[in-house]
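Have a look at the structure below, then the notes.
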Amino acid sequence: MFCSAIINYYVLRHHGAFGIIPSMYIRRTQTRNTATGESYYTHRLVQSLRVGTKVRQVTLLNLGRHFAIGQNHWPTLCSRIDQLLSPQKTLISLDCPSQVEREAQRIVAQLLTRQPEAIPSAKETETGLSPEDVQTVLVDSLEMSRPRSVGVEQVGLWAMGKAGFTELLADVGLTGPQRAAAIGAIIGRMAAPGSERALHRWLSAQSGLGELLDVDFETMSLMQFYRVSDLLIRNREAIENRLFSKINDLFNLPGTVTLYDLTNTYFEGEAEGNSKAQRGRSKEKRCDSPLLTLGLVLDGSGFVRRSQIFPGNVSEGSTLEGMLKGLNAPNGALVVMDRGVATEANLVWLRDKGYRYLVVSRERERQFDFNGAACIETAAKEQIHIQKVLSDDGQEVRLYCHSQRRAEKEKGISRRFAERFEAGLTKLSEGLSKPRTTKNIDKLWERIGRLKEKNRGIGQHYHIEIIPDDSGLQAQAIHWKQKPLDGTSLTHPGVYCLRSNETGWDEERLWRTYITLTDLESVFRSLKSELGLRPLFHRKEERSDGHLFITVLTYQIVQIIRQQLAEKGIHGRWSTLRDILSSQCRITASFRRPDGHSLQVRKATRPEPEQQKIFQALGIHANPGGVKKMVV
1 MFCSAIINYY VLRHHGAFGI IPSMYIRRTQ TRNTATGESY YTHRLVQSLR
51 VGTKVRQVTL LNLGRHFAIG QNHWPTLCSR IDQLLSPQKT LISLDCPSQV
101 EREAQRIVAQ LLTRQPEAIP SAKETETGLS PEDVQTVLVD SLEMSRPRSV
151 GVEQVGLWAM GKAGFTELLA DVGLTGPQRA AAIGAIIGRM AAPGSERALH
201 RWLSAQSGLG ELLDVDFETM SLMQFYRVSD LLIRNREAIE NRLFSKINDL
251 FNLPGTVTLY DLTNTYFEGE AEGNSKAQRG RSKEKRCDSP LLTLGLVLDG
301 SGFVRRSQIF PGNVSEGSTL EGMLKGLNAP NGALVVMDRG VATEANLVWL
351 RDKGYRYLVV SRERERQFDF NGAACIETAA KEQIHIQKVL SDDGQEVRLY
401 CHSQRRAEKE KGISRRFAER FEAGLTKLSE GLSKPRTTKN IDKLWERIGR
451 LKEKNRGIGQ HYHIEIIPDD SGLQAQAIHW KQKPLDGTSL THPGVYCLRS
501 NETGWDEERL WRTYITLTDL ESVFRSLKSE LGLRPLFHRK EERSDGHLFI
551 TVLTYQIVQI IRQQLAEKGI HGRWSTLRDI LSSQCRITAS FRRPDGHSLQ
601 VRKATRPEPE QQKIFQALGI HANPGGVKKM VV
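In terms of full-length UniProt numbering, the sequence shown has 199 at position 199, counting the first letter as 1, and numbering is strictly consecutive.
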């Protein structure tokens, strides 16, 4: 089992930061679980170290209980480790199976990353100079290996540290490996959203998160990531409440505004074993697939206070009471909602519970009078005209708002549907003079009905007449004329109505508070497009719920980063920040020395200017993982 000797001595330089590794072999040891009496084998990579006339064995790396390499391949594995540590020996070709090659690469990386970091002396700390380490190397022998991303990972760990997230997971009962898997799942969503299988591959082959956590993700099984998802969703309420409480302490968030809305995502496959997977109205137009609905309650700064997962066909208006009960919002908190949730029953419940509300009105008829309307300017330099109308009993106010930009958009939509509708009518009319086309009056009305259905209510603005022939059964002509109905998007484009029982605020304050609801829409866009909310690949209910909850936790961590950066004047979507950070990686540089030994140095790449700006704003060290050195 012994491989060829690498070096017969071991040296430490600069307070243990610099090592020379002697001969190695793999030791298999039988041990017993004292609690259960079960016997099992453990595996360790051991070095033989000669000290004077004696030989000592020192464990370099614990290879674990489930070491996957067969004993017949151990000599090859040790030889390959020897080659990787000593590049000058790679001229000798080894017949190395792919599994052995992967394991050798992993072990070498672990040996290097577990080297202690250099500790600067007091003088060096005072002067800001690095410890001097002068080496003579052969420049042409340079090899670069094992690049692993650390930019997003380091920022994610910083945010988790601010929120006390690791301690929170420990408090709800997660073990060390389970906490590592949970952190890996969340930071994986931040950096490379995908399935659990894609996450496992990313952590093993692309990310340096394991180095920063001192965790070997390559030895973790895929099932551990599925199971930690189950653990997180089972502890959802405790994790959610404690995390928001910590965030609230961190940023001193105002609790006067609460945003509530729902979104849904779709399954790939039928998800027959999931009772919540139901067909409904998909916001991504994926009505061909079962859906799952996510409800979020957010504070005015965009942090999630509570989440809940509903069946895909849930009625939006039926979810509000259950979500807000027990929320412990301050008396008189203002709830901002979209029209889908703003049913009369919900508004009555909010009033009874002492909440104020600001909602998009569900009334269909539009009206607006520019005379006496207030005018405000948005951040985009657009003028919004607002007409404030107090109810007869003085308990509620309506804001009729007109946006020119919205008006142009609605005019364009109406024009497109009108053109398509009239084109369909023209086709039916021209067909009356052609053979083998529909001429039966009843059938024509059916065709016209389908045209109205396809064109989003534009048909209500047309007067259509079918002229029958002498038999009264066949049509000889179709006439139509546009007659716009008053109080609709055709006569009042760009008008929408807000309702509120907060009668003491002026038009501008109410409108600007309502605009925070658009921030919630950006939250949903982030969850879906940036953090991997969609699609769902799971069949089990707990797994799909866990997938959504991990996305919510990921959003919370991302929002901590964005909030802190915003306070320093750095703004941007997470996808932009991620692109900036993702190029920083850790890499191993290997050199041959004239004395025949090999020098290996592992460190992070120098941050780009934009990366440095982010690190400085967050107070993060620009060299994640430090410097590791080894001589073999």
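Using N, Cα and C, we set each Cβ at its ideal position, and we do this for glycine too.
Inter-residue Cα distance where the pair is residue i and residue j
{"i": "G317", "j": "H492", "result": "27 Å"}
{"i": "D579", "j": "A589", "result": "25 Å"}
{"i": "I384", "j": "F368", "result": "12 Å"}
{"i": "residue 670", "j": "R179", "result": "The first residue shown for the chain is 1 and the last is 632, placing residue 670 beyond what the model contains."}
{"i": "I187", "j": "G625", "result": "16 Å"}
{"i": "G295", "j": "L199", "result": "25 Å"}
{"i": "L444", "j": "P468", "result": "11 Å"}
{"i": "Q611", "j": "Y514", "result": "35 Å"}
{"i": "H66", "j": "R586", "result": "28 Å"}
{"i": "Q224", "j": "A181", "result": "7 Å"}
{"i": "G459", "j": "F417", "result": "9 Å"}
{"i": "A170", "j": "E211", "result": "21 Å"}
{"i": "P435", "j": "T263", "result": "49 Å"}
{"i": "Y9", "j": "L49", "result": "In this prediction, Y9 has a pLDDT of 29, which is less than 50 and means its spatial position is unreliable; nothing more can be read from the coordinates."}
{"i": "Q600", "j": "N248", "result": "45 Å"}
{"i": "G591", "j": "L213", "result": "It is Phe, not Gly, that sits at residue 591 in the sequence shown. Cα-Cα distance, rounded: 27 Å."}
{"i": "R405", "j": "V336", "result": "23 Å"}
{"i": "K603", "j": "L112", "result": "11 Å"}
{"i": "Q387", "j": "K381", "result": "19 Å"}
{"i": "G322", "j": "V297", "result": "11 Å"}
{"i": "L432", "j": "N440", "result": "10 Å"}
{"i": "C3", "j": "Q83", "result": "Residue placement at C3 is poorly supported in this model, since its pLDDT is 37, which falls under 50; the coordinates still yield a value, given next. Approximately 11 Å, taken between the alpha carbons."}
{"i": "E268", "j": "Q474", "result": "48 Å"}
{"i": "L490", "j": "S414", "result": "7 Å"}
{"i": "R286", "j": "A271", "result": "15 Å"}
For residue i, the nearest candidate out of the options (CA to CA)
{"i": "E365", "options": "N274, L485 and L168", "result": "L485"}
{"i": "R27", "options": "K54, Y462 and G70", "result": "G70"}
{"i": "R456", "options": "E382, G269, E410 and W74", "result": "E410"}
{"i": "D545", "options": "R80, R148, L291 and G176", "result": "L291"}
{"i": "G619", "options": "Q154, Q47, A35 and V46", "result": "Q154"}
{"i": "S395", "options": "L213, L347 and M630", "result": "Going by the sequence as given, residue 395 is Gln instead of Ser. Answer by Cα proximity: L347."}
{"i": "V58", "options": "G64, F67, G52 and R44", "result": "R44"}
{"i": "D519", "options": "L553, L432 and G300", "result": "G300"}
{"i": "S361", "options": "L350, D338, G354 and A345", "result": "D338"}
{"i": "P97", "options": "V601, T76, L320 and L334", "result": "T76"}
{"i": "T343", "options": "K325, L320 and L324", "result": "L320"}
{"i": "N274", "options": "L138, V495, R543 and L425", "result": "R543"}
{"i": "R606", "options": "L581, A373 and S598", "result": "L581"}
{"i": "S145", "options": "I183, R106 and V134", "result": "R106"}
{"i": "L536", "options": "L548, H461 and Q564", "result": "L548"}
{"i": "Q307", "options": "E272, E240 and R286", "result": "It should be noted that the sequence gives Ser, not Gln, for residue 307. Taking only the C-alpha atoms, the option nearest S307 is E240."}
{"i": "F310", "options": "V297, C287, G340 and A277", "result": "A277"}
{"i": "E218", "options": "R227, S207 and Y226", "result": "S207"}
{"i": "Y496", "options": "L399, I464 and E567", "result": "L399"}
{"i": "V215", "options": "R114, F244 and E132", "result": "R114"}
Classification of residue i by the beta-carbon crowding that lies within 10 angstroms, buried from 16 upward
{"i": "F370", "result": "exposed"}
{"i": "C78", "result": "buried"}
{"i": "S229", "result": "buried"}
{"i": "R236", "result": "buried"}
{"i": "A122", "result": "Confidence at A122 is low in this model, with a pLDDT of 41, below 50, so its placement is unreliable and no value can be given for it."}
{"i": "R281", "result": "exposed"}
{"i": "T551", "result": "buried"}
{"i": "Y260", "result": "buried"}
{"i": "Y41", "result": "exposed"}
{"i": "R32", "result": "exposed"}
{"i": "S289", "result": "buried"}
Discussion item. Counting beta carbon pairs with one atom in the stretch 526-545 and one in the stretch 193-203, are three or more of them shorter than 8 Å?
Written reply: Below 8 Å, enough C-beta pairs join the stretch 193-203 and the stretch 526-545 to call them touching: three or more.
Worksheet item: Could you give the uninterrupted runs of the alpha helix (DSSP H) lying entirely in the stretch 544-613, keeping only those of 4 residues or more?
Response: Segments of the alpha helix (DSSP H) lying fully in the stretch 544-613: 574-581.
Worksheet item: For the stretch 433-474, which segments carrying the alpha helix (DSSP H) assignment without a break, of at least 4 residues, lie completely within its bounds, in sequence order?
Response: 441-454, all fully within the stretch 433-474.
Worksheet entry | Those runs of the beta strand (DSSP E) which lie wholly inside the stretch 336-396 and span at least 3 residues | The stretch 336-396 contains these whole beta strand (DSSP E) runs: 356-360, 374-377 and 383-390.
Worksheet entry | Entirely enclosed beta strand (DSSP E) segments - the stretch 224-282, minimum 3 residues | Fully enclosed beta strand (DSSP E) runs of 3 or longer: 257-266.
Discussion item. Any contact between the stretch 155-168 and the stretch 551-562? By contact I mean 3 or more CB pairs, one from each, below 8 Å.
Written reply: At 8 Å Cβ cutoff, the stretches touch.
Practice prompt. Report yes or no: do the stretch 446-456 and the stretch 414-424 share at least 3 C-beta pairs separated by less than 8 Å?
Written response: A contact is defined here as three or more CB-CB pairs under 8 Å, and the stretch 446-456 meets this definition with respect to the stretch 414-424.
Practice prompt. Note down, one range per segment and in chain order, each alpha helix (DSSP H) of at least 4 residues found wholly within the stretch 45-119.
Written response: Unbroken alpha helix (DSSP H) runs of no fewer than 4 residues, entirely contained in the stretch 45-119, are found at 74-85 and 98-113, following chain order.
Worksheet entry | Touching by the beta-carbon criterion (3+ pairs, under 8 Å), the stretch 348-357 and the stretch 493-508 | With a cut-off of 8 Å, the stretch 493-508 and the stretch 348-357 count as touching, because enough Cβ pairs lie within range.
Worksheet item: Do the stretch 246-260 and the stretch 301-315 touch if we need at least three Cβ pairs shorter than 8 Å?
Response: Yes, the stretch 246-260 touches the stretch 301-315.
Discussion item. To test your reading of the DSSP string, which unbroken beta strand (DSSP E) runs of 3 or more residues are found completely within the stretch 129-168?
Written reply: Within the stretch 129-168, the complete beta strand (DSSP E) runs of at least 3 residues are 138-149.
Discussion item. Quick check on the DSSP output: what are the complete alpha helix (DSSP H) runs of length 4 or more inside the stretch 164-226, in order along the chain?
Written reply: As far as the stretch 164-226 is concerned, its whole alpha helix (DSSP H) runs of at least 4 residues are 165-171, 176-191, 196-205 and 209-213.
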